[in-house]
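Following: one structure in C-alpha cells, then a few remarks.
Protein chains: 2
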Amino acid sequence: MRPDPTALTILETSLYAGDLAAAEAFYAGVLGLEVVLRKPGRHVFFRVGRAMLLVFDPTATAEAVDEVPTHGAKGPGHMCFAAAEPEFSAWKRHLEGHGIPIEAEITWPTGARSFYLRDPAGNSVEFAEPHLWGAQP
Amino acid sequence: MRPDPTALTILETSLYAGDLAAAEAFYAGVLGLEVVLRKPGRHVFFRVGRAMLLVFDPTATAEAVDEVPTHGAKGPGHMCFAAAEPEFSAWKRHLEGHGIPIEAEITWPTGARSFYLRDPAGNSVEFAEPHLWGAQP
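So the sequence lines, in the order shown, correspond to chains Z and R. For the first sequence, the working numbering assigns the number 2 to the initial residue and increments by one for each residue that follows. For the second sequence, the working numbering assigns the number 2 to the initial residue and increments by one for each residue that follows.
Structure (C-alpha cells):
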C-alpha cells in the first residue's frame with residue numbers, strides 16, 4: 002500500500018523560546034490557548050484546534066533525557082494561525098488591546114489578508130484568513 | 002468581541018534547511034507533498050491537508066526583500082504529521098523502503114504511536130496517530 006500524501010495533516014508545530022514563562026504568558030495568557038503539557042525549563046505545549054503548538058527551550062531540548070529524539074533551533078522561527086472573519090479582525094483588535102505591535106499587514110494574491118506580530122521570544126507569528134493558500138481540500 | 006481561541010487552527014508550520022533542493026527531494030519526492038510555491042535559494046512551500054509546511058533557507062529568509070517580516074532559525078527543528086491506520090504503518094514502510102532510518106518509535110500514554118526520522122537538513126520529523134494528544138475537538 003502506497004500511503005496517500007493528501008491525507009496527511011500537521012499535528013505539531015514547534016517554536017523555540019528561552020523564556021518559557023513568557024511564552025506561556027503570551028500563548029495561554031494573551032491568546033487563551035489551552036496548556037496541555039508543561040515541563041518547566043524544557044517545554045510548554047498548547048492545543049490549537051486538532052493540532053498542537055509546541056514551544057521548547059532550544060538548549061534544554063537539545064539534551065537527550067529519554068528516547069525522544071533531540072532538536073533545538075536558535076533564532077526567530079515562524080508559524081501562522083488561521084482565523085476566519087469575524088474572528089480575524091477580533092484577533093487583531095485583541096492583540097492591539099494588549100499593546101502588541103502589528104509588524105506588518107499583507108493582502109495576498111488570493112485575497113486573503115494576514116497580519117504579523119512577534120511573540121516574546123521574537124518568533125514571527127502570523128494570523129491569516131484560512132483561504133490564504135487557495136482552495137481548501 | 003473576544004476572539005475564540007478554540008476556533009484557531011494552524012495554517013503554517015516552518016522548518017529551515019540550507020539545501021532547499023534536498024528538502025524538496027524529501028518532502029515532495031519521497032513524501033509526495035504538493036509544492037505550492039518555490040523561490041530558489043529562499044524557500045519551498047508544501048501543502049499538507051488544509052495547512053502548509055514552509056521550508057526556508059535560514060540565512061536568506063533573515064534578509065528582508067519585501068514587507069514580509071524576517072525570521073530564520075538555525076539548528077534542528079521539529080514537526081509532526083498525523084496519519085491514521087492503515088496509513089500510519091504504510092508511511093513507516095514507505096520511508097524504510099527509501100532507506101530512511103527510523104530514529105525512534107514511541108507508544109504514548111494515550112495509546113497513540115509515533116515514529117521519528119530526520120529530514121535531509123537534520124530536522125526531527127515525526128509521524129503520529131491522530132489521537133496522540135487526546136480527544137479531538
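In this text, a Cβ means the ideal position worked out from N, Cα and C, and glycines have one as well. Note that the structure is predicted; figures quoted are calculated from it, not measured.
Quick check on DSSP: helix, strand or coil for residue 44(R)? Correct three-state label for residue 44(R): strand.
I want to know whether the segment 73 to 85 of chain Z touches the segment 75 to 95 of chain R - three or more CB-CB distances under 8 Å. yes
Could you check if residue 102(R) belongs to the surroundings of the ligand ADP, using beta carbon to heavy atom distance under 8 Å? By its list of ligands, the structure shown contains no ligand whatsoever, and the ligand ADP lies outside what it can speak to.
Short CB-CB distance (under 9 Å) between residue 107(Z) and chain R: yes
Less than 9 Å between the C-beta atoms of residue 113(Z) and residue 132(Z), yes or no? yes
Could you please tell me which residues of the segment 10 to 34 of chain R, in chain order, have their CB closer than 7 Å to any CB of chain Z? 10, 11, 12, 13, 14, 15, 17, 32, 33, 34
Are the C-beta atoms of residue 75(R) and some chain Z residue less than 9 Å apart? yes
Tell me residue 80(Z)'s beta-bridge partners as DSSP assigns them. 126(Z), 14(R)
Nearest CA to the CA of residue 15(Z): which residue from 126(R), 109(R), 80(R)? 80(R)
Tell me, please, whether the CB atom of residue 100(R) is closer than 9 Å to any CB atom in chain Z? Proximity of residue 100(R) to chain Z, defined by a Cβ-Cβ separation below 9 Å, is not satisfied.
Note down, in chain order, all residues in the segment 64 to 89 of chain R with a beta-carbon under 7 Å from any beta-carbon belonging to chain Z. 68, 69, 70, 72, 73, 74, 75, 76, 77, 78, 79, 80, 81, 82, 83, 84, 87, 88
Contact list for residue 140(R) against chain Z, beta-carbon separation under 8 Å: Nothing about residue 140(R) can be read from this structure; chain R reaches only from 2 to 138.
Which residue or residues does DSSP assign as beta-bridge partners of residue 36(Z)? 47(Z)
Please report the residue range of the beta strand (DSSP E) in which residue 57(R) lies. 52 to 57
Using C-beta distances below 6 Å, list every residue in its chain close to residue 116(R), excluding the 5 sequence neighbours before and after it, in chain order. Closer than 6 Å at the Cβ level, and outside the excluded window around residue 116(R), lie 93, 103, 106, 128.
Using the beta-carbon count (16 or more within 10 Å), is residue 108(Z) buried or exposed? exposed
Residue span of the alpha helix (DSSP H) that contains residue 88(R), given as start and end: 88 to 98
Compile a chain-ordered list of the residues in the segment 49 to 65 of chain R whose CB is closer than 9 Å to at least one CB of chain Z. Listed by position, the residues of the segment 49 to 65 of chain R near chain Z (Cβ gap below 9 Å) are 49, 50, 51, 52, 53, 54, 55, 57, 59, 62, 63.
Interface residues of chain R around residue 95(Z) at Cβ under 9 Å? 2, 3, 4
Of all the CB atoms in chain R, is at least one closer than 9 Å to the CB of residue 36(Z)? no
Once you ignore the five residues that flank residue 51(R) on each side, which residues in its own chain have a CB closer than 6 Å to its CB? none
Alpha carbon to alpha carbon, how far is residue 110(Z) from residue 41(Z)? Give it in angstroms, no decimals. 42 Å
Quick one: is residue 119(R) near chain Z, going by C-beta distance under 9 Å? yes
Using a Cβ-Cβ cut-off of 9 Å, state whether residue 42(Z) counts as contacting chain R. no
Would residue 53(R) be called buried (16 or more neighbouring beta carbons within 10 Å of its own) or exposed? buried
Below 9 Å between beta carbons: does that hold for residue 130(R) and residue 61(R)? no
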